[in-house]
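Participant: Quick note: the sequence shown uses my numbering, first residue 1, plus one each step.
C-beta atoms are modelled at their ideal positions from N, C-alpha and C, and glycine is treated no differently.
Mind having a look at this structure? Questions to follow.
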Amino acid sequence: MISNLIIRRRRAASAMFALKRSSILLHEEASLTRCICATSSSVVLDLQDIPTAKGVPFFGTVFAMLAKGGAEKLHEYVDFRHKQLGPIFREKVGPVTSVFLCDPKDMRAVFSSEGKYPVHLLPEAWTFYNETFNVERGIFFMDGEEWLQNRKILNKLLLKGNLDWIGSACDEVCEDLVNRWSVMADNGQIIPDLETQLYRWSIDVMLSVILGAKEYNSVKNDLNDIVNDLAANIYLIFKTSAKLQLVSARFASKLGLSSWRNFAKAMDRSLQLTNTLMTRLIDNDRNSDGLLSRLKNENVNRTDILRILADFIIAAGDTTAYTMEWLLYVVGSDKAVQKKVRSLQSTEEASSYLRSVVKESLRLYPVAPFITRILTQGVTVKGFNIPAGTLVVFSIYTSGRDPHVFENPQLFIPERWSRDSNNNNNLVSMQQSTLPFGFGSRSCIGKKVAEMQLQKTIGKIVHSFDMDVVNKDEIQMILKMVAVPSNHLRLRLIRL
Numbered sequence: 001m002i003s004n005l006i007i008r009r010r011r012a013a014s015a016m017f018a019l020k021r022s023s024i025l026l027h028e029e030a031s032l033t034r035c036i037c038a039t040s041s042s043v044v045l046d047l048q049d050i051p052t053a054k055g056v057p058f059f060g061t062v063f064a065m066l067a068k069g070g071a072e073k074l075h076e077y078v079d080f081r082h083k084q085l086g087p088i089f090r091e092k093v094g095p096v097t098s099v100f101l102c103d104p105k106d107m108r109a110v111f112s113s114e115g116k117y118p119v120h121l122l123p124e125a126w127t128f129y130n131e132t133f134n135v136e137r138g139i140f141f142m143d144g145e146e147w148l149q150n151r152k153i154l155n156k157l158l159l160k161g162n163l164d165w166i167g168s169a170c171d172e173v174c175e176d177l178v179n180r181w182s183v184m185a186d187n188g189q190i191i192p193d194l195e196t197q198l199y200r201w202s203i204d205v206m207l208s209v210i211l212g213a214k215e216y217n218s219v220k221n222d223l224n225d226i227v228n229d230l231a232a233n234i235y236l237i238f239k240t241s242a243k244l245q246l247v248s249a250r251f252a253s254k255l256g257l258s259s260w261r262n263f264a265k266a267m268d269r270s271l272q273l274t275n276t277l278m279t280r281l282i283d284n285d286r287n288s289d290g291l292l293s294r295l296k297n298e299n300v301n302r303t304d305i306l307r308i309l310a311d312f313i314i315a316a317g318d319t320t321a322y323t324m325e326w327l328l329y330v331v332g333s334d335k336a337v338q339k340k341v342r343s344l345q346s347t348e349e350a351s352s353y354l355r356s357v358v359k360e361s362l363r364l365y366p367v368a369p370f371i372t373r374i375l376t377q378g379v380t381v382k383g384f385n386i387p388a389g390t391l392v393v394f395s396i397y398t399s400g401r402d403p404h405v406f407e408n409p410q411l412f413i414p415e416r417w418s419r420d421s422n423n424n425n426n427l428v429s430m431q432q433s434t435l436p437f438g439f440g441s442r443s444c445i446g447k448k449v450a451e452m453q454l455q456k457t458i459g460k461i462v463h464s465f466d467m468d469v470v471n472k473d474e475i476q477m478i479l480k481m482v483a484v485p486s487n488h489l490r491l492r493l494i495r496l
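This is how it looks when you write it as structure tokens:
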């Protein structure tokens, strides 16, 4: 069963990329097919009855997507379709029909029926690389019982109980980042190579969590060269993966295209560096309070520890780095928010407001604007029966900007998350509409780490500097594997 679902996942991954590959731009003669949802009826309709947009023969709706901005604006295209067709629609993406949902109730219905072993979609280039070079990867690539057993252990260590040790690990890296940026602030510099620096910051946080704050502080200078090399190569993985959205990795490999060669080279180097680094850390572990020692105490074998921790470092690179870049953008563009952060005297008040700032940034700019599931069993949504094996896509970008839930949804307003300005029902609706870390048993295992490092880092930066975004051109959200700024963020800091 699981192997069949994995095959479906790979086919679905190829289909998602197939939509983005077409470079022929023709006029779409489309008509919209509407269907009344059967929510008020006892009749259950089939997959084919779900509202859809009819495109031209053979090419489907590819040209409509291209007219809306292509793959880089896929989130806006899907948002457009939801406005046309409603909270549920289906669209043929290459040979595979996908169902898109934006109603939080429907998303939760799917999550609640995802079964013991949820199956999600992974980038085709990453899975093809693993197959080609026979590489066994960490928790993000595991399925079935292997995934479940390791996930239970990680849930215990990273999501439950007293997590102050994670906060201490984040504090150590925040302090280092502010110290580096203080030199640039004194010189009136725009922060150079911001994305690369944020990749390095993201890796440093993971290493501090892995080792524990005290141990990390004692070895960080010795790790400097290898971490710089690793940050540069993980950045290249992201860049080359994005290019492979335009052409199938399998096809690119057969033709020997540079897009595949560059990706494979960056992945080779990153895995080599992470394996070298993790082996070194495991061999020299002194039973600190970090994740490494905690995994040992759970009797996880050395091979699995190596796989899990290596992938933590690689997977956290782009998502956390770009989430932080968006956070710097919205806060750096809003002097009132900066002033309010500095004015709060109570630690509890300050922490609460920083949580709201991060939530609001994630609502507006989720680095993963879509969450995917391949159904392990059939589910009924809005009166439509969606069978097992269907690729379901949750439109997080759309749900997070729903005007029925969020007043002035295009504006950055951290105060909207305050209990003082909302009743409990409205807060619940808001929280259910924004799922930046996913939901259910396969949600992001690094959620708590990410939340702490984002809150602590932005708080430390705002208390240390006056921030200004000095970009001349408008910054928009575009998709390059994850949601990134359309232009490099130009951030100027002045030391307070």
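(1) Taking the alpha-carbon positions, what's the Ala249 to His463 distance?
(2) Following the continuous alpha helix (DSSP H) through Thr132, name the residue where it begins and the one where it ends.
(3) Check whether the Cβ atoms of Trp147 and Tyr117 lie closer than 8 Å to each other.
(4) Decide if Glu131 is buried, meaning its Cβ has at least 16 other Cβ atoms within 10 Å, or exposed.
(5) May I have a chain-ordered list of the alpha helix (DSSP H) segments no shorter than 4 residues that lie completely inside the region 180 to 240?
(6) Let me know if Lys105 comes out buried or exposed under the rule of 16 or more other beta-carbons within 10 Å of its beta-carbon.
(7) Would you mind working out which of Ala450, Leu163, Phe439 sits nearest Ala315, comparing C-alpha positions?
(8) Are the beta-carbon atoms of Thr520 and Leu159 separated by less than 8 Å?
(9) Does the pairing of the region 265 to 277 with the region 227 to 240 give three or more beta-carbon distances under 8 Å?
(10) Given that a residue counts as buried once 16 or more other Cβ atoms are within 10 Å of its Cβ, and exposed if not, what is Thr39?
(11) What do you get for Asn487, buried or exposed, if any count of 16 or more other CB atoms within 10 angstroms of its CB means buried?
(12) Going by C-alpha to C-alpha distance, which of Val405, Leu292, Trp326, Ala483 sits closest to Phe370?
(13) Using the C-alpha atoms, what's the distance from Leu306 back to Arg151?
(14) Whether or not the region 216 to 227 and the region 179 to 195 are in contact is what I'm after, with contact meaning three or more pairs of Cβ atoms, one per stretch, closer than 8 Å; do they touch?
(15) Can you give me the C-alpha to C-alpha distance between Arg416 and Arg355, rounded to a whole angstrom?
(16) Below 8 Å on the Cβ atoms is my guess for Met481 versus Gln197; work out the distance and round it to an integer in Å.
(17) Write down the C-beta distance between Gly290 and Val209 rounded to the nearest angstrom, noting that I regard them as a contact closer than 8 Å.
(18) Going by the CB atoms, is the gap between Ser293 and Asp285 shorter than 8 Å?
(19) Quick one: what's got a C-beta closer than 7 Å to Thr240's C-beta in the same chain, skipping five residues either side?
(20) Any heavy atom of the ligand ADP inside 7 Å of the beta-carbon of Lys447?
(21) Assign Gly70 to one of three DSSP states: helix, strand, or coil.
(22) Over what stretch of residues does the alpha helix (DSSP H) that includes Asn150 continue unbroken?
(23) Taking DSSP as the reference, what is the three-state secondary structure of Val484?
(24) Tell me whether the region 396 to 413 and the region 360 to 369 touch, counting them as touching only if at least three CB pairs, one residue from each stretch, are closer than 8 Å.
(25) Skipping 5 residues on each side, what residues in its chain have a beta carbon closer than 8 Å to that of Thr33?
(26) To test your reading of the DSSP string, which unbroken alpha helix (DSSP H) runs of 4 or more residues are found completely within the region 435 to 489?
(27) Candidates Ala321, Ser441, Ile190, Gly138: which alpha carbon is nearest Ser202's?
(28) Mapping the DSSP letters down to three states, classify Asn425 as helix, strand or coil.
(29) Ser395 by DSSP, collapsed to three states: which one?
(30) Does the separation of the CB atoms of Glu298 and Ile153 fall below 8 Å?
(31) Keeping to the same chain, check which residues put their C-beta closer than 7 Å to that of Cys102; ignore five residues upstream and five downstream.
(32) Under 8 Å by Cβ, that's how I've got Val99 and Arg90 pegged, so tell me the actual separation to the nearest angstrom.
(33) Measure how close the beta-carbons of Tyr329 and Pro485 come, nearest whole angstrom, since I'm counting them as under 8 Å.
(34) Quickly, what does DSSP pair Lys92 with across the bridge? List them, please.
(35) What residue range does the alpha helix (DSSP H) around Val357 cover?
(36) What did DSSP end up calling Val110 once you bin it into helix, strand or coil?
Facilitator: Reading it off the structure:
(1) Against the sequence shown, residue 249 aligns to sequence position 249. Against the sequence shown, residue 463 aligns to sequence position 463. Roughly 45 Å separates the two Cα atoms.
(2) Here residue 132 refers to the residue found at position 132 of the sequence shown. Note, Thr132: alpha helix (DSSP H), 124 to 133.
(3) Taking the sequence shown and counting its residues from 1, one reaches residue 147 at position 147. Taking the sequence shown and counting its residues from 1, one reaches residue 117 at position 117. Contact flag set, yes.
(4) In the sequence shown, residue 131 corresponds to position 131, counting from 1. Exposed, because fewer than 16 other Cβ atoms sit within 10 Å of the Cβ of Glu131.
(5) 194 to 211, 213 to 219
(6) As a working note, residue 105 is residue 105 in the sequence shown. Flag for Lys105 reads exposed.
(7) Here the question's residue 315 lines up with position 315 in the sequence shown. Among Ala450, Leu163, Phe439, the Cα nearest to that of Ala315 belongs to Ala450.
(8) Nothing in the structure corresponds to residue 520, since the chain is present only between 1 and 496.
(9) yes
(10) Reading the sequence shown from its first residue, position 39 is the one you call residue 39. Its pLDDT being 47, under 50, Thr39 is placed unreliably in this model, and the value from its coordinates should be taken loosely. Exposed, by the Cβ-count rule.
(11) The residue you call residue 487 lines up with position 487 of the sequence shown. So Asn487 counts as exposed.
(12) Position 370 of the sequence shown, counted from the first residue, corresponds to residue 370. With distances taken between Cα atoms, Phe370 lies closest to Ala483.
(13) Taking the sequence shown and counting its residues from 1, one reaches residue 151 at position 151. Taking the sequence shown and counting its residues from 1, one reaches residue 306 at position 306. Taking the straight line joining both Cα atoms gives about 15 Å.
(14) no
(15) Mapped onto the sequence shown, residue 416 falls at position 416. Mapped onto the sequence shown, residue 355 falls at position 355. Looking at the two C-alpha atoms, the distance is approximately 12 Å.
(16) As a working mapping, residue 481 is identified with position 481 in the sequence shown. As a working mapping, residue 197 is identified with position 197 in the sequence shown. Incorrect: roughly 20 Å between the Cβ atoms, too far for contact.
(17) By one-based count along the sequence shown, residue 290 stands at place 290. By one-based count along the sequence shown, residue 209 stands at place 209. Gly290 to Val209, Cβ: 6 Å. Contact.
(18) Walking along the sequence shown from the start, residue 285 turns up at place 285. Walking along the sequence shown from the start, residue 293 turns up at place 293. The answer is yes: Cβ separation under 8 Å.
(19) Indexing the sequence shown from 1 puts residue 240 at position 240. Excluding sequence neighbours, Thr240 sits near Ser259, Asn262, Phe263, Ala266.
(20) Of the ligands one can find in the structure shown there are none, so the ligand ADP has no counterpart to examine.
(21) Residue numbering aside, residue 70 sits at position 70 when the sequence shown is read from its first letter. Gly70 falls in the helix class under three-state DSSP.
(22) For the purposes of this step, residue 150 is taken as the residue at position 150 of the sequence shown. Per DSSP, Asn150 belongs to the alpha helix (DSSP H) from 144 to 158.
(23) The count along the sequence shown starts at 1 and reaches residue 484 at position 484. Val484 falls in the strand class under three-state DSSP.
(24) yes
(25) As a working note, residue 33 is residue 33 in the sequence shown. Note that Thr33 has pLDDT 39, beneath the 50 cutoff, so the model's placement of it is unreliable and the number below is only indicative. Answer for Thr33: Pro51, Thr52, Ala53, Lys54, listed in chain order.
(26) 447 to 464
(27) Sequence index remark: in the sequence shown, residue 202 carries index 202 (1-based). The option with the nearest alpha carbon to Ser202 is Ala321.
(28) On the sequence shown, position 425 is the one that residue 425 refers to. Three-state result, Asn425: helix.
(29) Here residue 395 refers to the residue found at position 395 of the sequence shown. DSSP places Ser395 in strand when its eight states are reduced to three.
(30) Counting from one through the sequence shown, the residue named residue 298 turns up at place 298. Counting from one through the sequence shown, the residue named residue 153 turns up at place 153. For Glu298 and Ile153, yes; Cβs fall inside 8 Å.
(31) Translated into positions along the sequence shown, residue 102 becomes position 102. Once the five neighbours on either side are set aside, the close Cβ partners of Cys102 are His82, Pro87, Ser395, Thr398, Ser399.
(32) Counting from 1 along the sequence shown, the entry for residue 99 is found at position 99. Counting from 1 along the sequence shown, the entry for residue 90 is found at position 90. About 5 Å separates the two Cβ atoms, so the contact holds.
(33) Along the sequence shown, one-based indexing puts residue 329 at 329. Along the sequence shown, one-based indexing puts residue 485 at 485. Yes, Tyr329 and Pro485 are in contact; Cβ-Cβ is about 7 Å, under 8 Å.
(34) The residue labelled residue 92 in the question sits at position 92 within the sequence shown. According to DSSP, which records beta bridges pairwise, Lys92 is partnered with Thr97.
(35) Translated into the one-based positions of the sequence shown, residue 357 becomes position 357. Looking at the DSSP string, the run of the alpha helix (DSSP H) that includes Val357 is 347 to 364.
(36) Counted from its first residue, the sequence shown places residue 110 at position 110. Three-state DSSP puts Val110 in a helix.
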